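There are 2 protein chains.
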Amino acid sequence: MQTQAHSAPPPSGRLLEHPAREEIRLESVLHALADPMRLLVVRALAAADCEQACSVFDLPVSKSTTTHHFRVLRESGVIRQVYRATAKMNSLRRDDLDALFPGLLDSVLAAGALQAERLGG
Amino acid sequence: MQTQAHSAPPPSGRLLEHPAREEIRLESVLHALADPMRLLVVRALAAADCEQACSVFDLPVSKSTTTHHFRVLRESGVIRQVYRATAKMNSLRRDDLDALFPGLLDSVLAAGALQAERLGG
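Chains as they are written, first to last, in my numbering: chain D, 1 to 121; chain L, 1001 to 1121.
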């Protein structure tokens, strides 16, 4: 957990492990997106279009489950997490995902929005 | 396992359970596609563009695991399975998926092809 695959200088001394772009796998990305809570987080990050602290996501699950979901998203390459002071900040790895899998993230986001509308979610 | 949600008359007396179009959920579809073997099957069905018997898929897993993968694909709404005589025939539910989640299946298929090319798969 003390290595970092990307080259941007970290904002604080505490680093979190991320796959490099070329290590990201479609199956892991789809698995990460296949959970309703994680899809909710990804949709919120896409809508916010800027870093969000984990604490702004008031998911109807325990804190440890929330942490697990963010970890799955990070380790699959869907989000980047950095510490800023004591907050863990999250952002979508849109550039990496769009470069590897053109159109995939947008179609999943659109599908999630359509389904939420259809089911009243 | 003795009901069938769609209205097409079955080709044989043995029926397999399928979700109706409105019962298909994005999370289940993504989960079904998140497995390498299942993604391989879906890519092959898309390339064939016609019904394929389970037996033509020579997956490097046991017969029972193969059966499990096809069942996950069917129960998530990704494929339709019908018995024709003793063969179980499989086809993509492209119309249903495209209607519910426009562009999703195509972007996953394209991403799978790109990754296979990149990794030499």
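Every residue gets a Cβ at the ideal spot worked out from N, C-alpha and C, and that includes glycine.
Since the model is a prediction, treat every value here as computed from it, not as a measurement.
*Skipping 5 residues on each side, what residues in its chain have a beta carbon closer than 7 Å to that of ARG14 of chain D?*
For ARG14 of chain D, where only same-chain residues beyond five positions count, the Cβ hits under 7 Å are TYR83.
_Looking at chain L, is there any beta carbon in it that lies within less than 7 Å of the beta carbon of PRO60 of chain D?_
Chain L contact via Cβ: absent.
*asked:* Please report the straight-line C-alpha distance between VAL108 of chain D and LEU1040 of chain L, rounded to a whole angstrom.
replied: Cα to Cα, VAL108 of chain D sits roughly 20 Å from LEU1040 of chain L.
_Quick check on GLU1117 of chain L: does DSSP put it in helix, strand or coil?_
Here GLU1117 of chain L sits in helix by DSSP.
*Cβ-Cβ distance between ARG93 of chain D and ARG80 of chain D below 7 Å*: Going by C-beta atoms, ARG93 of chain D is nearer than 7 Å to ARG80 of chain D.
_Beta-carbon proximity check, LEU59 of chain D vs THR67 of chain D, cutoff 7 Å_ = It is not a contact, given that the beta carbons lie outside the stated cut-off.
_First and last residue of the uninterrupted beta strand (DSSP E) at LEU1092 of chain L_ = Annotation: the continuous beta strand (DSSP E) that includes LEU1092 of chain L extends over 1087-1092.
_Taking 7 Å as the threshold (beta carbon to beta carbon), is SER76 of chain D in contact with chain L?_
It does not; no Cβ of chain L falls within 7 Å.
*asked:* Tell me the DSSP secondary structure of ARG38 of chain D in three-state form.
replied: In this structure, ARG38 of chain D counts as helix in the three-state DSSP scheme.
*How about SER1055 of chain L: is its C-beta nearer than 7 Å to some C-beta of chain D?*
Not closer than 7 Å to any Cβ of chain D, the Cβ of SER1055 of chain L fails to qualify, so no.
*Does DSSP put SER1007 of chain L in a helix, a strand or coil?*
Only weak support is given to the placement of SER1007 of chain L: the predicted model assigns it a pLDDT of 46, under 50, and the question is left unresolved by the model.
*Min CB distance HIS1031 of chain L to chain D below 7 Å*: Contact with chain D is found for HIS1031 of chain L, since one of that chain's Cβ atoms lies less than 7 Å from the residue's Cβ.
_Sheet register partners of ALA53 of chain D (DSSP bridge)_ = Bridge pairing for ALA53 of chain D: D:MET89 [DSSP].
*Label VAL1042 of chain L either buried or exposed according to how many other C-beta atoms from any shown protein chain fall within 10 Å of its C-beta, with 16 as the threshold for buried.*
Residue environment analysis places VAL1042 of chain L among the buried positions, since at least 16 neighbouring C-beta atoms fall within 10 angstroms of its C-beta.
_Any beta carbon of chain D sitting closer than 7 Å to that of GLY1120 of chain L?_
The C-beta of GLY1120 of chain L comes no closer than 7 Å to any C-beta of chain D.
*State the start and end residues of the unbroken beta strand (DSSP E) segment that holds ARG1080 of chain L.*
Taken as a continuous stretch (DSSP letters only), the beta strand (DSSP E) holding ARG1080 of chain L covers 1079-1084.
*Which residues, in chain order, does the region 84-106 of chain D contribute to contact with chain L at a C-beta distance below 9 Å?*
From the region 84-106 of chain D, only LEU100, PHE101, PRO102, GLY103, LEU104, LEU105 and ASP106 have a Cβ closer than 9 Å to chain L.
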